[in-house]
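>
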Amino acid sequence: MVLDDLAPELLLLILCQIDTPKDLHSLISASPHCYRLFASSQEHVISCVLRNAFRIENIHHAVGALSLPAAHKRIRPNNAEITSALDRYFDGDTLDLPEDKASLVALCRLYHRVNQYTSDYFQHSLYVLGYVPNCAADFYPSIRERTRFYRGFLRLELFCRAFYDRAYPDDPEPGNSKQIQFDDFISRLEPWEVEEISCALCYLVFVVEGVVDAVEDYLYKALLTNPAAYIVPPGEAPPMALTNTDIPDEGYLVYCDGLEREGLELFSESGRYLAPERIISLAALGLGFVHHLVKSDNDKRYLIIQRRSKRGLFLPDTLDSAPSTDAEIRTPDKFNNIRVDRPNLGWFWFKAREQHIYSGWHPTYDNWRLRERAFVFWDPRRIRNLKGLYAQFPNARKGRVDGVYARWSRSSLEERLSNIWVPKILMNEILHGSAELPLDEEDY
0 MVLDDLAPEL
10 LLLILCQIDT
20 PKDLHSLISA
30 SPHCYRLFAS
40 SQEHVISCVL
50 RNAFRIENIH
60 HAVGALSLPA
70 AHKRIRPNNA
80 EITSALDRYF
90 DGDTLDLPED
100 KASLVALCRL
110 YHRVNQYTSD
120 YFQHSLYVLG
130 YVPNCAADFY
140 PSIRERTRFY
150 RGFLRLELFC
160 RAFYDRAYPD
170 DPEPGNSKQI
180 QFDDFISRLE
190 PWEVEEISCA
200 LCYLVFVVEG
210 VVDAVEDYLY
220 KALLTNPAAY
230 IVPPGEAPPM
240 ALTNTDIPDE
250 GYLVYCDGLE
260 REGLELFSES
270 GRYLAPERII
280 SLAALGLGFV
290 HHLVKSDNDK
300 RYLIIQRRSK
310 RGLFLPDTLD
320 SAPSTDAEIR
330 TPDKFNNIRV
340 DRPNLGWFWF
350 KAREQHIYSG
360 WHPTYDNWRL
370 RERAFVFWDP
380 RRIRNLKGLY
390 AQFPNARKGR
400 VDGVYARWSR
410 SSLEERLSNI
420 WVPKILMNEI
430 LHGSAELPLD
440 EEDY
């Protein structure tokens, strides 16, 4: 390999110019000489690559996100530790990269999650907009767009790590938790910055919705196609001899109802109306947890949902504590296309006049479809080139309401199973499973 002939000093300089941890891994895997050089200066090389990957604008947000344990972990920081971490994040001094290898590896993991969600969200928004790029470069986010996407996901991760326990406490603490969350975090950001976080959470909710739908289909097929399933006409029941609880080894037939008692309220007839809250609670466990949920097999997915979904609206509840006065939004005469520390053109064009300073966020509010289209991340050039955008966005404010009611009006899993009876032992096996879940302390 030609690189092997270069002087070590020059080769080290090349390693430090690589843009992503993935590319670094590819190079040191292909070249033993590069690997030996990397091994002698691991922390230095990884730090340089992370600076290139996150870009200087997002290093502060990435380090801030890792200043607290992930929301899914069992050992949680106390309120004083959370307040201290947030004060360091918001006090104006830039947080620098850590120097220890473990923290750098954790940042690499966080980068992979943020980068993947940015790419997926970007492609999804292009799809729902029906946008046909004019050139190959338009298929990918620009540097400025990627910076905005990263910032939204990184700040969301910090918010999840700081406030998940307060939003979903095992033992409710005194005081208004959503007011605390607003005062300690949301109020310290500009409204357009909060909207970036809202958009990032909206996309995670969309991802979790897809997982929940897949799990529902999996459970339905597992019960319907099992040879031991007993299907009866609607309104009828199996012979009493088959439902007698005296049958040994839990071989008697049971009706597929009461899913809320099994921890699967998401799939019950009554629980579907609370599905938005439970789905948000899963998304609120953070980027790594949602990645783990997506990558898991269905037999593990529903166990995760069963054990981790809770009731509550998290960020939407926090925004309920926002000021109720309307913000006067005016588009600047000369819009700056370069700076990413200011709101983008989409914020000025598509934020509804009747919305409050911090846009509403409940599952049936009108901002979901706007957020699905990533309206606060686009460059002005792309916004101006989006044909039909103006016609889509007013309708998008209504689209989410229709979508939520469509989810509510369709048959629940419990209703779909209304004519199916299965042995009690089979019901236990399917609903409680035999798959092992990773410990809460595992990193995703």
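Here numbering that gives the first Met the number 0 is used: position 57 in the sequence shown is 56, and no number is missing along the way.
In this text, a Cβ means the ideal position worked out from N, Cα and C, and glycines have one as well.
#1: Give the straight-line distance between the Cα atoms of residue 347 and residue 140, rounded to the nearest whole angstrom.
#2: Could you compute how far the alpha carbon of residue 371 sits from the alpha carbon of residue 315?
#3: Bridge partners of residue 420, per DSSP?
#4: Output yes or no for whether 7 Å exceeds the beta carbon distance between residue 413 and residue 256.
#5: Counting pairs of Cβ atoms below 8 Å between the region 418–432 and the region 231–240, do you hit three or more?
#6: Using the beta-carbon count (16 or more within 10 Å), is residue 449 buried or exposed?
#7: Does DSSP put residue 363 in a helix, in a strand, or in coil?
#8: Between which two residues does the alpha helix (DSSP H) holding residue 246 run?
#9: In angstroms, rounded to a whole number, what distance separates the CA positions of residue 216 and residue 273?
#10: Helix, strand or coil for residue 57? Go by DSSP, reduced to three states.
#11: Return helix, strand or coil for residue 343, following the three-state DSSP convention.
#12: Helix, strand or coil: how does DSSP classify residue 163 here?
#13: Could you give the first and the last residue of the continuous alpha helix (DSSP H) run that contains residue 270?
#14: Where does residue 198 sit, in a helix, a strand or coil, going by DSSP?
#15: So, is residue 47 buried or exposed, given that buried needs 16 or more other C-beta atoms within 10 angstroms?
#16: My output table needs one value for residue 40: the three-state DSSP class, helix, strand or coil.
#17: Quick check on the DSSP output: the alpha helix (DSSP H) that includes residue 8 runs from which residue to which?
#18: Rounded to whole angstroms, what's the CA-CA distance from residue 355 to residue 151? Just pull it up for me.
#19: Cα separation between residue 265 and residue 166?
#20: With C-beta atoms as the reference, is residue 155 less than 7 Å away from residue 106?
#21: With distances taken between CB atoms, is the gap from residue 311 to residue 276 smaller than 7 Å?
#22: Which of the three DSSP states, helix, strand or coil, is assigned to residue 80?
#23: Have a look at 119, 65, 301 and flag the residue whose alpha-carbon is nearest the alpha-carbon of residue 428.
#24: Using the beta-carbon count (16 or more within 10 Å), is residue 146 buried or exposed?
#25: Out of curiosity, what's the CA-to-CA distance linking residue 225 and residue 11?
#26: State the CB to CB distance for the pair residue 18 and residue 75, rounded to an integer number of angstroms; the pair is presumed to be in contact (CB under 8 Å).
#27: Out of 95, 94, 142, state which residue places its alpha-carbon closest to the alpha-carbon of residue 117.
#28: Just checking, does the region 184–194 make contact with the region 92–99 on the three C-beta pairs under 8 Å criterion?
#29: Below 8 Å, how does it come out for the region 27–47 and the region 123–137: are there three or more Cβ pairs, yes or no?
#30: Quick check on residue 60: buried or exposed, where buried means 16 or more other Cβ atoms within 10 Å of its Cβ?
#31: Apply the 10 Å Cβ neighbour rule to residue 55 and answer buried if 16 or more other Cβ atoms are within range, or exposed otherwise.
#32: Per DSSP, what kind of secondary structure is residue 134 in: helix, strand or coil?
#33: DSSP three-state label for residue 377, please.
#34: Alpha carbon to alpha carbon, how far is residue 268 from residue 66?
The answer reads as follows:
#1: In the sequence shown, residue 347 corresponds to position 348, counting from 1. In the sequence shown, residue 140 corresponds to position 141, counting from 1. Roughly 20 Å between the two C-alpha positions.
#2: The residue labelled residue 371 in the question sits at position 372 within the sequence shown. The residue labelled residue 315 in the question sits at position 316 within the sequence shown. Cα-Cα distance, rounded: 16 Å.
#3: Along the sequence shown, one-based indexing puts residue 420 at 421. BP columns for residue 420 point to 229, 254.
#4: Here residue 413 is taken as the residue at index 414 of the sequence shown, counted from 1. Here residue 256 is taken as the residue at index 257 of the sequence shown, counted from 1. For residue 413 and residue 256, yes; Cβs fall inside 7 Å.
#5: yes
#6: Residue 449 is absent from the structure shown; the chain starts at 0 and stops at 443.
#7: Numbered from its first residue, the sequence shown carries residue 363 at position 364. Per-residue confidence for residue 363 stands at a pLDDT of 49, beneath the threshold of 50, marking its modelled position as unreliable; no derived number is given.
#8: Taking the sequence shown and counting its residues from 1, the one referred to as residue 246 is at position 247. Note, residue 246: premise wrong, no alpha helix (DSSP H); not H, not E.
#9: As a first step, residue 216 is located in the sequence shown; it is residue number 217 there, counting from the start. As a first step, residue 273 is located in the sequence shown; it is residue number 274 there, counting from the start. For residue 216 and residue 273, the distance between alpha carbons rounds to 19 Å.
#10: Start at 1 with the first residue of the sequence shown, and residue 57 comes out as number 58. Reduced to three states, the DSSP call for residue 57 is helix.
#11: To locate residue 343, count along the sequence shown from 1; it is residue 344. The answer is coil: DSSP assigns residue 343 none of H, G, I, E or B.
#12: For the purposes of this step, residue 163 is identified with residue 164 of the sequence shown, where counting begins at 1. In the structure shown, residue 163 sits in a helix (DSSP, three-state: H, G or I).
#13: Counted from its first residue, the sequence shown places residue 270 at position 271. No alpha helix (DSSP H) contains residue 270, which DSSP labels as neither H nor E.
#14: Here the question's residue 198 lines up with position 199 in the sequence shown. Note: residue 198 maps to helix in three-state DSSP.
#15: As a working note, residue 47 is residue 48 in the sequence shown. Flag for residue 47 reads buried.
#16: Locating residue 40 in the sequence shown gives position 41, counting from the first residue. Coil, per DSSP.
#17: Looking up residue 8 in the sequence shown gives position 9. From DSSP, the alpha helix (DSSP H) with residue 8 extends over 7–14.
#18: On the sequence shown, residue 355 is found 356 positions in, with the first residue counted as 1. On the sequence shown, residue 151 is found 152 positions in, with the first residue counted as 1. Legend: pLDDT at residue 355 = 49, less than 50; position of this residue unreliable, value from coordinates given subsequently. Their backbone Cα atoms lie some 20 Å apart in a straight line.
#19: Walking along the sequence shown from the start, residue 265 turns up at place 266. Walking along the sequence shown from the start, residue 166 turns up at place 167. Near 19 Å, if we compare the C-alpha coordinates of residue 166 and residue 265.
#20: On the sequence shown, residue 155 is found 156 positions in, with the first residue counted as 1. On the sequence shown, residue 106 is found 107 positions in, with the first residue counted as 1. Not closer than 7 Å, so no.
#21: Counting from one through the sequence shown, the residue named residue 311 turns up at place 312. Counting from one through the sequence shown, the residue named residue 276 turns up at place 277. Yes; because the gap between Cβ atoms is below 7 Å, this pair is in contact.
#22: As a working note, residue 80 is residue 81 in the sequence shown. Three-state DSSP puts residue 80 in a helix.
#23: Within the sequence shown, the letter at position 429 stands for residue 428. Closest option to residue 428, Cα to Cα, is 301.
#24: To locate residue 146, count along the sequence shown from 1; it is residue 147. The residue is buried, with at least 16 neighbouring Cβ atoms inside 10 Å.
#25: To locate residue 225, count along the sequence shown from 1; it is residue 226. To locate residue 11, count along the sequence shown from 1; it is residue 12. Cα to Cα, the separation comes out at about 59 Å.
#26: Along the sequence shown, read from residue 1 onward, the residue named residue 18 stands at position 19. Along the sequence shown, read from residue 1 onward, the residue named residue 75 stands at position 76. The pair is not a contact, with the Cβ atoms about 35 Å apart (cut-off 8 Å).
#27: Taking the sequence shown and counting its residues from 1, the one referred to as residue 117 is at position 118. The option with the nearest alpha carbon to residue 117 is 142.
#28: no
#29: no
#30: Your numbering for residue 60 matches position 61 in the sequence shown. So residue 60 counts as buried.
#31: Walking along the sequence shown from the start, residue 55 turns up at place 56. Its Cβ having fewer than 16 others within 10 Å, residue 55 is exposed.
#32: The count along the sequence shown starts at 1 and reaches residue 134 at position 135. In the structure shown, residue 134 sits in coil (DSSP, three-state: anything other than H, G, I, E or B).
#33: For the purposes of this step, residue 377 is taken as residue 378 along the sequence shown, with counting starting at 1. Coil.
#34: Mapped onto the sequence shown, residue 268 falls at position 269. Mapped onto the sequence shown, residue 66 falls at position 67. If I take the Cα positions, the gap works out to 41 Å.
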